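Structure first, commentary second.
Protein chains: 2
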Amino acid sequence: MAVYTEVTDEQITAHLARYDIGELHALKGIAGGVENSNYLLTTDAGTYILTLYEKRVDPADLPFFIGLMEHLSRHGINCPLPIPMRDGATLGTLAGRPAAIISFLDGFEVRRPQPDHCSQVGEALARMHLAGEGFALTRRNGLTLEDWRPLFERSKARADTVQPGLAAMIEAELDYLEKNWTRDLPSGVIHADLFTDNVFFLKGELSGLIDFYFACNDLLAYDLATCINAWCFETNHHFNTTKARALTRGYAGARPLEKGELDALPMLCRGSALRFLLTRLYDWLNVPPGALVTPKNPAEYIAKLKFHQGIARSSLYGLEA
Amino acid sequence: MAVYTEVTDEQITAHLARYDIGELHALKGIAGGVENSNYLLTTDAGTYILTLYEKRVDPADLPFFIGLMEHLSRHGINCPLPIPMRDGATLGTLAGRPAAIISFLDGFEVRRPQPDHCSQVGEALARMHLAGEGFALTRRNGLTLEDWRPLFERSKARADTVQPGLAAMIEAELDYLEKNWTRDLPSGVIHADLFTDNVFFLKGELSGLIDFYFACNDLLAYDLATCINAWCFETNHHFNTTKARALTRGYAGARPLEKGELDALPMLCRGSALRFLLTRLYDWLNVPPGALVTPKNPAEYIAKLKFHQGIARSSLYGLEA
């Protein structure tokens, strides 16, 4: 959760004067989201989300994130649309923080997705990848292959306190991935964090994608691998083949996968599992005093990584090369 | 803040089926509120607040709180209105907790109230007191004179770690109040917690009162005293006579104060200041591990109590007896 930066009535009233969306009706801090402060904002003109970008977000990245939401919205993707101020700018300053007002999307996250949800997510991800073509800005993935070992070094000494043998297991996986990783696959703008809490459904239909604050340029199939990890395991960490089949086929129906992408899928799933294992491990070992957010247990991604290590053929994910 | 109890999409969908407010559009946890879990709920029919009552609320008190909001709404007070289920009940169970869906009030708290806000709050409080007449249920104030000493006993040993001499100061104040407190004044239903975050304004006009979860039967002028403490001190703890005059005159314009109430005002302000000092002191000394809420510093109410101890005549609060 949280609201890290508090906004006074004077501040929000002055801020709204720069917009064309009428006067303030209500402003309520939203629980949820670990990076930024989010408020539900109601004005004469309707309901919006007000986001204040906190320290973990580099202000230099904001034009990419904001511009991407505008680009995707214009190209038919149901995602939050930044609202421009009277002078056309979409990024302002409020309570000392960079701030944007974005459209409010109806819908609700599905905590226990069914195959039909997975199929819709796969299709939406592929459509997002296609819609991202032609977006002018680029952003390097700050959590890709080269970043994993330095990140691991910061947790290495205490990794075995989480699970005996974990440090050696990660070390071996890094060796494997550094040797086998490929960049010779279709790339473009990826969401990079399309977990269940970032996809809204309304009456069974996917109604929108949110939270583009990890979006970057990278391999498109790596984004699919992240979705496989996020959507196709049960809470006991068992892999659900039916869901994976629905997800990958939903994706391929909108954007057919190349043979190279299919062949690379087990490795990409390993890489994605390691990426989330490493960030969770770091956060788990470094809970700041007074933290408002409970860190996620890295054990989930240890199990997922081990699963993918045992996969020899992509067909297990539901598609034949 | 917080959302203490998480609600899944299946749970909220099943719960909404008992109501006549259409299907789910969105459900977002709200930051803010220290007692219960609050969600912003949007359905086909509009926007609501979903409240799950947490452990600090005694389920036996819920009919009083819910019934009071219904009674006050029916009698012209702009406060949240509990929405009945198809079977007429307003209190259900969701995610293992007692739960109610109440109407959403537009408006926003004023962090730095001006005299005009204070005047409106005074009038609204008086109107609430008048509207409370005829409400059938009663609830004892669980934080009144008899409760203060037992509450103090739980903090006494460590009170001086907060401020040297604090234990003796509270002890002397308890002696004074136990000797001088009166019950021989008009009583009725009081809000008992009408701080700035529980009053909404919209474009300068008071738009509603919320959070009736401390409401009880007690002296009406004690409620006014609590508002004086909450609304008429600056952040440096200096008393603002202009605001107090606006507040008390706003109140008296809707419900004239009896001479006995006016005479008792300094003592009631002392009692109310001590009540909030004692709960804040206890919370300050007993932060549970993993707390989601930062406790409020008791020093603010030490300063307020000391101010009132020096007041001999009620006229300083803005009204002549």
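Listed in order, the protein sequences are those of chains A and B.
My numbering numbers the first residue of the first sequence as 1 and each following residue consecutively.
My numbering numbers the first residue of the second sequence as 322 and each following residue consecutively.
The C-beta atom is built at its ideal place from N, Cα and C for all residues, glycine as well.
Since the model is a prediction, treat every value here as computed from it, not as a measurement.
Report the neighbours of residue i on chain B: residues whose CB is nearer than 9 angstroms to its CB, in chain order.
i: A:R56; result: Going along chain B, no residue has its Cβ under 9 angstroms from A:R56, so there is no contact; the nearest lies around 18 angstroms.
i: A:L40; result: K349, I351 and L361
With distances taken Cα to Cα, identify the nearest neighbour of residue i among the options.
i: A:R97; options: A:D116, A:V57, A:A89 and A:G76; result: A:V57
i: A:R154; options: A:A124, A:F307, A:Y19 and A:Y282; result: A:Y282
i: B:R570; options: B:Y638, B:T556, B:A480 and B:T368; result: B:Y638
i: B:S636; options: B:P401, B:F597, B:P587 and B:P616; result: B:P587
i: A:N38; options: A:G46, A:A45 and A:G29; result: A:G29
i: A:L202; options: B:L446, B:D365, B:L383 and B:Y325; result: B:D365
i: B:R504; options: B:E467, B:P434 and B:T562; result: B:E467
i: A:A264; options: A:N229, A:A225 and A:T241; result: A:A225
i: A:M128; options: A:L262, A:G76, A:A159 and A:T42; result: A:G76
i: A:R215; options: A:L151, A:Q114 and A:G188; result: The identity of residue 215 of chain A in the sequence shown is Ala, whereas the question assumes Arg. Selected option, being the one with the closest Cα: A:G188.
i: B:R433; options: A:R275, A:D9, A:K259 and A:Y48; result: A:D9
i: A:L27; options: B:L348, B:G409 and B:D427; result: B:D427
i: B:L472; options: B:H629, B:G631, B:F597 and B:Y325; result: B:F597
i: A:R86; options: A:C118, A:L16, A:A244 and A:E109; result: A:L16
i: B:L606; options: B:P436, B:R479, B:E344 and B:A633; result: B:R479
i: A:T93; options: A:D193, A:T235, A:R18 and A:Y4; result: A:R18
i: B:Q630; options: B:K376, B:W552, B:I491 and B:M390; result: B:I491
i: B:K376; options: B:T411, B:S394 and B:T326; result: B:T326
i: A:L137; options: A:Q11, A:L68 and A:I12; result: A:L68
i: B:G486; options: B:V431, B:I623 and B:I632; result: B:I623
Is the beta carbon of residue i within less than 7 angstroms of some heavy atom of the ligand GDP?
i: B:D468; result: Absent from the structure shown: the ligand GDP. Ligands present: none.
Under 8 angstroms between C-beta atoms, does residue i make it to chain A?
i: B:V431; result: yes
Starting from residue i, find everything on chain A with Cβ-Cβ shorter than 9 angstroms and list it in chain order.
i: B:L523; result: E23, L24, H25 and A26
Can you name the residues of chain B whose CB is closer than 8 angstroms to the CB of residue i?
i: A:G107; result: H346 and A347
Short check: CB of residue i to CB of residue j, under 8 angstroms?
i: A:A95; j: A:V7; result: yes
i: A:P84; j: A:I102; result: no
i: B:T465; j: B:D539; result: yes
i: B:L530; j: B:Q441; result: no
i: B:L640; j: B:L541; result: no
i: B:I387; j: B:A421; result: yes
i: A:H191; j: A:F135; result: no
i: A:E173; j: A:H237; result: no
i: B:W469; j: B:L595; result: yes
i: A:F64; j: A:R139; result: yes
i: B:L446; j: B:D518; result: no
i: B:R576; j: B:L626; result: no
i: A:N36; j: A:T47; result: no
i: A:L185; j: A:E261; result: yes
i: B:A573; j: B:I549; result: no
i: A:V162; j: A:P295; result: no
i: B:A489; j: B:K477; result: no
i: B:I370; j: B:L361; result: yes
i: A:L247; j: A:C118; result: yes
i: B:T317; j: B:P380; result: Because chain B is modelled from 322 through 642, residue 317 of chain B falls outside the range shown and cannot be assessed.
i: B:F533; j: B:C400; result: yes
i: A:V3; j: B:A352; result: yes
i: B:L345; j: A:F108; result: yes
i: B:L498; j: B:A551; result: no
Counting only beta-carbon atoms, is residue i nearer than 8 angstroms to chain D?
i: A:C269; result: This model lacks chain D altogether; the protein chains it does include are A and B.
Within 8 angstroms of chain A by C-beta, residues of the stretch 326–342 of chain B in sequence order: T329, D330, E331 and I333
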